[in-house]
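Undergrad: Per our numbering, residue 170 is the first one in the sequence shown, and the count goes up by one each step. For each residue, glycine too, the CB sits at the ideal point set by N, CA and C.
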Amino acid sequence: MIFPSESKQYYTPAPQYQTKAAYFSMEFAIDQCLKIYSGGLGYLAGSHMRSAFDLKQNMVGVGILWKYGYYDQVRSADNNMEVLYQEKSYSFLEDTGLLVPVYINKHQVYVKPYILKPDQFGTCPMIFLSTDIPENDFLARTITHKLYDGDTAARIAQMIVLGIGGAKAIEALGSVADIYHMNEAHALPMAFHLLGKYKDKEEVKKRVVFTTHTPEKAGNEEHNIYLLDKMGYFGNLTLDEVRMMTEITDDSFSLSLGALRLAKVANGVSQLHGVVSREMWGDFPNICNIYAITNAQNHKYWADHAMQVALYTGEDESLKWRKMHLRKRLIDLVADQTGKYFDKDAIIIVWARRFAEYKRADLIKRDIARFNALISRSKRKVQIIWAGKPYPGDHNAISVFNHLVQSSKGIPNLAVVTGYELNLSALLKKGSDVWLNTPRRPREASGTSGMTAAMNGSINFSIDDGWIPEYAQHGVNSFVMPAADPLSPIDEQDNFDCNNLFNILENEILPLYYDHPEKWFKMMKRNMIDVVKGFESGRMAHEYYELYAYGNGTNKFEKPEAYYPYEGKPYISDGIGSLRMHGQAPTPPASKTGGKNTTGKVTKKESTGTPRSQATPSERLLQAAGVPTADVPEGFIIAPAKRRED
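(1) Tell me where the alpha helix (DSSP H) around Lys368 begins and ends.
(2) Going by C-alpha distance, which of Phe690, Ile580 and Ile199 is nearest Ser487?
(3) Nearest-angstrom Cα distance between His355 and Ala710?
(4) Going by alpha carbons, who is nearest to Asn696 out of Gly626, Asp241 and Phe379?
(5) Please say whether Ala521 and Ser615 have beta carbons closer to each other than 8 angstroms?
(6) Is it buried or exposed for Tyr694, if we count other Cβ within 10 angstroms and need 16 for buried?
(7) Cβ atoms of Ser207 and Leu316: under 8 angstroms apart, would you say?
(8) Which runs of the alpha helix (DSSP H), 4 residues or longer, sit entirely within the region 224 to 310?
(9) In the DSSP assignment, find the unbroken alpha helix (DSSP H) run with His494 in it and report its ends.
(10) May I have the straight-line CA-CA distance separating Pro358 from Lys281, to the nearest angstrom?
(11) How big is the Cα-Cα spacing for Leu839 and Thr383?
(12) In the DSSP assignment, find the beta strand (DSSP E) that holds Ile348 and state where it starts and stops.
(13) Comparing the CB of Ser631 with every heavy atom of the ligand ADP, is any distance shorter than 7 angstroms?
(14) Kindly give me the distance between the Cβ atoms of Leu670 and Ile533, rounded to whole angstroms, as I take these residues to be in contact under 8 angstroms.
(15) Where does the unbroken alpha helix (DSSP H) through Leu583 begin, and where does it stop?
(16) Going by Cα to Cα distance, which pick from Met228, Val269, Glu196 and Tyr212 is closest to Trp235?
(17) Rank Leu342, Met351, Ile333 and Ala338 by C-alpha distance to the C-alpha of Phe361 and give the top, closest one.
(18) I need the boundaries of the beta strand (DSSP E) containing Ile628, first residue and last residue.
(19) Which ranges does the alpha helix (DSSP H) cover as unbroken runs of at least 4 residues, wholly within the region 672 to 699, from first to last along the chain?
(20) Helix or strand or just coil, what does DSSP make of Ile567?
(21) What's the call for Lys189, buried or exposed, on a 16-neighbour Cβ count within 10 Å?
(22) From Asn455 to Met414, what does the alpha carbon distance come to, in whole angstroms?
(23) Reducing DSSP to helix, strand and coil, say where Val445 ends up.
(24) Note the first and the last residue of the continuous alpha helix (DSSP H) segment covering Thr321.
(25) Suppose you measure from the CA of Val445 to the CA of Ser547; what does that come to, to the nearest Å?
(26) Considering Cα atoms alone, identify which of Tyr240, Ala472 and Phe222 is closest to Pro182.
(27) Quick check on Gly266: buried or exposed, where buried means 16 or more other Cβ atoms within 10 Å of its Cβ?
(28) Touching or not, the region 291 to 304 and the region 365 to 378, by the rule of three or more beta carbon pairs under 8 angstroms?
(29) Spatial neighbours of Val252 within its chain, please: CB distance less than 6 angstroms, with the 5 preceding and 5 following residues excluded, ordered by chain position.
(30) Does the pairing of the region 392 to 406 with the region 465 to 472 give three or more beta-carbon distances under 8 angstroms?
(31) With a Cβ-Cβ cutoff of 8 angstroms, do Arg447 and Ile459 count as a contact?
(32) Please report the straight-line C-alpha distance between Asp666 and Ala653, rounded to a whole angstrom.
(33) For Phe630, which residues of its own chain have a beta-carbon under 6 angstroms away from its beta-carbon, when the five flanking residues on both sides are left out?
(34) DSSP three-state call for Asn391: helix, strand or coil?
(35) If you measure between the beta carbons of Phe193 and Met328, is that distance less than 8 angstroms?
(36) In angstroms with no decimal places, state the Cα-to-Cα distance between Ile554 and Gly404.
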């Protein structure tokens, strides 16, 4: 028995979360030691599983136990990046003793499910699938070796294992899910397994939901339909049945389009991405509704506990000391990897995420004269760290990474660090002052690294894309670069964005940091408070469970109720109003007159706040921390949960 409601060894689901949901994802970032993730998709899925546990939802996660993980990022003799595939083993997973058969390329392959119990890392129960077992031949064993294998046939086999193998594993464990949630379209074979089981498309659609994570072509895979059929991707269905069910008659089969036609409801991962997704797929008939549930991250896991306590108790000196301590740890790591010892009193800017062309890790170097002047200054010194993992087959991205490595040699205030996984990601966010994000708008679907950076006092400096339009108040809790017109030539976009990056950095960020440290500190605190209000994954997990994916799919595009997980009291969000599209500059910070917002930008509902004599203890703590209670949702309670400290 795998679902919490069926197993006394787990937990009793909360009354509002009785629906049994199975969440399928190709990767999960659960813990540093469980190396089965590559980047943002896995980080998001990991936080979702943690919040499912926090809220006691009746959910099970389904993924693959990658023997060699994504890859280990190491250095060559000249410090360029190299890819290392190193065997991993995990003694903390429970062997179910079961074998589940799937058919790949007309050969029977056995899939072994392992269980990750909730008490190990604080997640809902999870199933991890492996074909690397003695019952399989060598080729079958390699299916679950490398996450996102570059071989097309291997990728298809991995999706069959996740989708069909995962659904069969749940059944073999004596369970039946009410809802099958595909986190990206990798698990689509699961829907064909259900079609073979129920023989009715409408019955399947009642049970299947879909989250699309990217507008990028590489993230919306297409494969030759005859190859998919030959490999067993469609289970027991004939090709004619597949074409009839999906209405895809081309030889090229779009996984995302198939998912949109077999799911009862789908969602993008930010309000802007919801708009982009509806525009992207809107001309295709008979797809399900596409809503938007903005991504979020688990505060209990990501936020530094000592910083949170100091913030919420108004202990400013303790908060400053803790931030300086975390900065020192980051400086020590940079010194250990590169031999460069950063200045503890100078600003630290970090660009860290998956290396992809549209994310533009090197945008700040586009104007090389201005960049050289920036990093050569003695007054208002700038220190920059880059980190992130390119896809191992993306040689252009690896070339950018290596260019940054080589061009930063001999420059003491520039560093490129390797090993961008959970631990390094957390340290970069806790130790940095500014979190730089430079994608081409609107190609960043969400960008959750900025959320966890904000939780740790690193101020976002970002293109106005992904989740940023829902959160950012320029000069109040973040700095926002107005994005270029996405219809203009790429060179024009890059020049426009690079110019804005330097203008804001030179004229706003550096003067504020160096000349007005108390104002910077106040902004840092506001940043830490604001991000939790709307971007904690308890809110996201609740929205999925009750309001979108696990409901009846009749919701419109309004922003739903949100839950703060430590209290469980709902508050109503106004949403984000009109989304900024097509290069329109972000609205400047609001100027309030008589309690009214005069900029026209939709913000949280305004109020005059609560007199201190009538304030709750939590409100008094917020007031002591310098955060206006008018900006805090009703029912917000200060109760940082216990967590492991670094």
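TA: Considering the structure as presented:
(1) Membership of Lys368 in any alpha helix (DSSP H) is not indicated, and neither H nor E is assigned to it by DSSP.
(2) Measuring C-alpha to C-alpha distances from Ser487 to each of Phe690, Ile580 and Ile199 identifies Phe690 as the nearest.
(3) About 20 angstroms.
(4) Considering only alpha carbons, the answer is Gly626.
(5) Contact: no.
(6) Reading off the sequence, residue 694 comes out as Lys, not Tyr. With 16 or more Cβ atoms within 10 Å of its Cβ, Lys694 is classed as buried.
(7) Their beta carbons are under 8 angstroms apart, which means Leu316 touches Ser207 by this criterion.
(8) Counting only runs of 4 or more, we get 287 to 290 and 307 to 310.
(9) For His494, the uninterrupted alpha helix (DSSP H) segment begins and ends at Asp485 to Thr507.
(10) Approximately 18 angstroms, taken between the alpha carbons.
(11) Given a span of 170 to 815 for the chain in the structure shown, any question on residue 839 remains unanswerable.
(12) That run of the beta strand (DSSP E) goes Ile348 to Asn352.
(13) Within the structure as shown, the ligand ADP is missing, as the structure has no ligands at all.
(14) Rounded, the Cβ-Cβ distance is 6 angstroms, consistent with contact.
(15) Where Leu583 is concerned, there is no enclosing alpha helix (DSSP H), although the beta strand (DSSP E) it sits in stretches over Leu583 to Val586.
(16) Minimum Cα-Cα distance from Trp235 among the listed residues Met228, Val269, Glu196 and Tyr212 corresponds to Glu196.
(17) Checked all of Leu342, Met351, Ile333 and Ala338; the closest Cα to Phe361 is Ile333.
(18) Boundaries of the beta strand (DSSP E) harbouring Ile628: Ile628 to Ile632, taken from the DSSP string.
(19) Here the runs fully enclosed are 679 to 684.
(20) Under the three-state reduction of DSSP, Ile567 is assigned to helix.
(21) Burial state of Lys189 is buried, judged by a 10 Å Cβ sphere holding 16 or more other Cβ atoms.
(22) Pairing Asn455 with Met414, the inter-Cα distance amounts to about 11 angstroms.
(23) Residue state, collapsed to three classes: helix.
(24) Note, Thr321: alpha helix (DSSP H), Thr321 to Ile329.
(25) If I take the Cα positions, the gap works out to 43 angstroms.
(26) Here the closest residue by C-alpha is Phe222.
(27) Looking at its Cβ environment, which holds fewer than 16 other Cβ atoms inside 10 Å, Gly266 is exposed.
(28) The region 291 to 304 is not in contact with the region 365 to 378.
(29) If you ignore the 5 residues before and after Val252, its C-beta comes within less than 6 angstroms of the C-beta of Tyr240 and Pro561, all in its own chain and listed in chain order.
(30) The region 392 to 406 makes no contact with the region 465 to 472: fewer than 3 CB pairs, one atom from each, lie closer than 8 angstroms.
(31) Taking C-beta atoms as the reference points, Arg447 and Ile459 count as a pair closer than 8 angstroms.
(32) Roughly 6 angstroms between the two C-alpha positions.
(33) Same-chain partners within the cutoff: Val603, Leu605 and Phe648.
(34) Per the sequence shown, residue 391 should be read as Glu rather than Asn. DSSP places Glu391 in the strand class (E or B) of the three-state scheme.
(35) Against a cut-off of 8 angstroms, the Cβ pair of Met328 and Phe193 comes out as no contact.
(36) Using only the alpha carbons, I get a separation of about 47 angstroms.
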